Structure formats: structure tokens, C-alpha cells
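Here is the structure we will look at.
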Amino acid sequence: MCETPQSGPVDAAALPESVPDDEIPESIPAESRAIETSGATLHAVEAGPEDEKLLVLLHGFPEFWYGWHEAVVPLANAGYRVVVPDQRGYNLSAKPSAVRDYRIGELSRDVVDLIDAYDRETAAVAGHDWGAAVAWWLALHHEDRLSELVAVNVPHPTVFEEALRGSWDQRLKSWYMLAFQLPKLPEAVASAGNWRLATNALRDTSAPGTFTDEDLRRYRRAWNRDGAFEAMVNWYRAIVRDRPEPIKREVAVPTLVIWGAQDQFLARRLANESVDRCADGRLLAIEEASHWVVHEHPHRVAEAIADHADPLPPGARE
358 MCETPQSGPV
368 DAAALPESVP
378 DDEIPESIPA
388 ESRAIETSGA
398 TLHAVEAGPE
408 DEKLLVLLHG
418 FPEFWYGWHE
428 AVVPLANAGY
438 RVVVPDQRGY
448 NLSAKPSAVR
458 DYRIGELSRD
468 VVDLIDAYDR
478 ETAAVAGHDW
488 GAAVAWWLAL
498 HHEDRLSELV
508 AVNVPHPTVF
518 EEALRGSWDQ
528 RLKSWYMLAF
538 QLPKLPEAVA
548 SAGNWRLATN
558 ALRDTSAPGT
568 FTDEDLRRYR
578 RAWNRDGAFE
588 AMVNWYRAIV
598 RDRPEPIKRE
608 VAVPTLVIWG
618 AQDQFLARRL
628 ANESVDRCAD
638 GRLLAIEEAS
648 HWVVHEHPHR
658 VAEAIADHAD
668 PLPPGARE
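Take the position in the sequence shown, starting the count at 1, then add 357; the result is the number in my numbering.
Laid out in C-alpha cells, this is it:
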């Protein structure tokens, strides 16, 4: 394994910002940790048996570790050591100032370093939205570090690139990616009126009742952290400026694609096309779910992840 600045997780006091007393809901038996990677200090929430199979859950935009909060307990109970980081730029993790610090290679290296920090050769990795983009990149560039891949509502990178080049429908769905290239304006518009546009976007594109007032309180707090929303938008700026191409197209890691079929941002056909780029891939489409399927059906998603990367022998969970 590659060397990292720390041999394992370190105390949360090493984080750039202090951890609020209510950062982890009381219903979740988990702890905060600082993870030193080669590029940033990450805040992570960990739960489950320390010596069991490592499962890393990666959130997307505009969320943070909390996007997976309802899946943590069922996955820990299924026998995983569950680790859910705030990816770089988000919430309590470090927020490098340069756009280049958010290139997909840097983001995926953070996860490799995290796996090293837990002294594991491999981990199962599940990602939603931007977290899925990072997970796909990991599978294509660091396949020896992944035991299984779960990608939720973001397609294989070459599938998405081809869709943007060849489909006006997908270009229109992805209009916000170009809007985010403007300096300062996206941050100012999103934060206006106590983050009215950002919170309305979450509620308007999800099933009614998906995002509670408590959820949105936590998101506003994360977005309000100094430099956080600019760092979050820099992920989009970096991917447009860098335009990276993966070193290969076929994913060798056993892959499960989970897709909320009512996604307003991504065409459904991209899910099937992504599975076609996997040597060992399958699709779970949840017909009634939106892009925010992890929030809408957290236990169904957790069960699918647990079954895909099962650390227990057949029948043991029952």
C-alpha cells in the first residue's frame, strides 16, 4: 500500500473546524474522526465493527456525510465497518482554495488514502451523485483497491461524456454545470435569502417530505462554513477545466448501479448504458424514486449495498 501522512484515523480535534455536539444524530452510534490524506484533512463518521469489512460511503452535491445518515445503522448492523467522509471542500473537511485541488484524480486519491488510513488493502465503495463519479473513477484507476462498487444516480464517466456531446436533452438537464463556471455568482445566488434557492431545489426535485426542516437546518449549517460553498462549486469548475478521460472504459470491479428512475437531472438510459460498461454489472432501478433515492429509500438502498458486497456468509444475516 502507498504511504500516507498518518497510519490511521486521528482524533477529531485535528480537523480544521470543531465538530458540533449534534453533528451526529443521537440515533446513530457513530463517532467523528479526522483522516489525513496526502491532499487534505477529512472529517469522517465511522460506525460498525472495527475489524470487519470496510465500506466507504461517498456523498454528492450539495450534501455532506449526512446524506447517508439513514443508511449508516443498517449497514453497520449488516457487518460492515462503515466510514462516511465529508469529501474535500465540504462541511468539516479541509477546503483548499484552488480549483485544481478539486480535480477528479485528487478526489479519488483522497479515498485511496482513506482506505490506507484504515489499514485495509481494499474496501467496498458506494457513492451517490458526485460521490458516484469519484467511485467510478476509483474503479477505473485504482481497481485493486476496490472489492465492490455501488454507483447511485450518476453514470459511468464516458457514458456521461458521450451524452453531453450527443444529446441536447441531457445538455439541457445539465445546464447548471455551465452556470457554475461563473465566478462568485453561483455562491451569491445560492446563499441569498438563507439559502432559499438551494433548499427549494432539494425539495422541488425530490418526493414530497423527503427533506425535513431538520435536514435543511443541517445543510444550511454546512453550506455556511467559511469557504464551503465555493469549494463545493469548484468541483464543477475543475471537471470542466480539466476534462479528464479515464485510462480505460470497462470496469472490472463487481458493480451495482442503483437508479431513481424519476431523476430530473439525468436521463434514465444512462443507467443501462453504464451497466454495459461493466464486466460484472447489474442495475437496480427504483421506479418511484428521484435523484435523491438515498434519502427517499435509505433502507432499500442500504439493503442493496449490503447484498452486493456481503461480508457475511450466506444466511448469516438472517
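Note that the Cβ used here is the ideal one computed from N, Cα and C, for glycine as well. As the structure is a computational prediction, the values presented were derived from the model and not from experiment.
From W592 to V456, what does the alpha carbon distance come to, in whole angstroms?
-> Position 235 of the sequence shown holds residue 592. Position 99 of the sequence shown holds residue 456. If you draw a straight line from the Cα of W592 to the Cα of V456, it is about 7 Å long.
Does any heavy atom of the ligand SAH sit closer than 7 Å to the C-beta of T612?
-> In the structure on display, the ligand SAH does not appear, and there are no ligands present to speak of.
Check each candidate in V402, C635, Y576 and P419 and name the one with the smallest Cα separation from V367.
-> Looking up residue 367 in the sequence shown gives position 10. It is V402.
Would you mind stating whether A391 and L412 have Cβ atoms separated by less than 8 Å?
-> Counting from 1 along the sequence shown, the entry for residue 391 is found at position 34. Counting from 1 along the sequence shown, the entry for residue 412 is found at position 55. Contact: no.
Distance, Cα to Cα, R625 vs D526?
-> Within the sequence shown, the letter at position 268 stands for residue 625. Within the sequence shown, the letter at position 169 stands for residue 526. Approximately 12 Å between the Cα atoms of the pair.
Cβ shell of L627 (< 7 Å), same chain only, five flanking positions each side left out | The sequence position of residue 627 within the sequence shown is 270, counting from 1. P512, V516, F517 and A520, listed in sequence order.
Under 8 Å by Cβ, that's how I've got D486 and N448 pegged, so tell me the actual separation to the nearest angstrom.
-> For this step, residue 486 is matched to residue 129 along the sequence shown. For this step, residue 448 is matched to residue 91 along the sequence shown. In this structure, D486 and N448 do not form a Cβ contact; the two beta carbons are roughly 15 Å apart against a cut-off of 8 Å.
Complete runs of the alpha helix (DSSP H) confined to the segment 531-606 [at least 4 residues] | 532-536, 542-561, 570-581 and 585-599
Hey, could you find the ends of the alpha helix (DSSP H) S647 is sitting in?
-> Here residue 647 is taken as the residue at index 290 of the sequence shown, counted from 1. Neither: S647 is in no alpha helix (DSSP H) and is coded neither H nor E.
Start and end of the beta strand (DSSP E) containing L506?
-> Taking the first residue of the sequence shown as position 1, residue 506 is located at position 149. Its beta strand (DSSP E) spans residues L503 to V509.
Look at the Cβ atom of A397, then the Cβ atom of A451, and state whether they are nearer than 8 Å.
-> Numbered from its first residue, the sequence shown carries residue 397 at position 40. Numbered from its first residue, the sequence shown carries residue 451 at position 94. A distance below 8 Å separates the beta carbons of A397 and A451.
Give the secondary structure of I392 by DSSP, where H, G and I count as helix, E and B as strand, and everything else as coil.
-> As a first step, residue 392 must be located in the sequence shown, where it is residue number 35. It is a strand residue.
Helix, strand or coil: which one does DSSP assign to L529?
-> Here residue 529 refers to the residue found at position 172 when the sequence shown is read from its first residue. In the structure shown, L529 sits in a helix (DSSP, three-state: H, G or I).
Backbone CA spacing between H400 and S647 [nearest angstrom] = In the sequence shown, the residue the question calls residue 400 occupies position 43. In the sequence shown, the residue the question calls residue 647 occupies position 290. Approximately 28 Å, taken between the alpha carbons.
Please state if the CB of A508 and the CB of V658 are separated by a distance shorter than 8 Å.
-> As a working mapping, residue 658 is identified with position 301 in the sequence shown. As a working mapping, residue 508 is identified with position 151 in the sequence shown. Going by C-beta atoms, V658 is not nearer than 8 Å to A508.
Through-space distance from D664 to R477, alpha-carbon basis = To locate residue 477, count along the sequence shown from 1; it is residue 120. To locate residue 664, count along the sequence shown from 1; it is residue 307. Straight-line Cα distance between these residues: approximately 21 Å.
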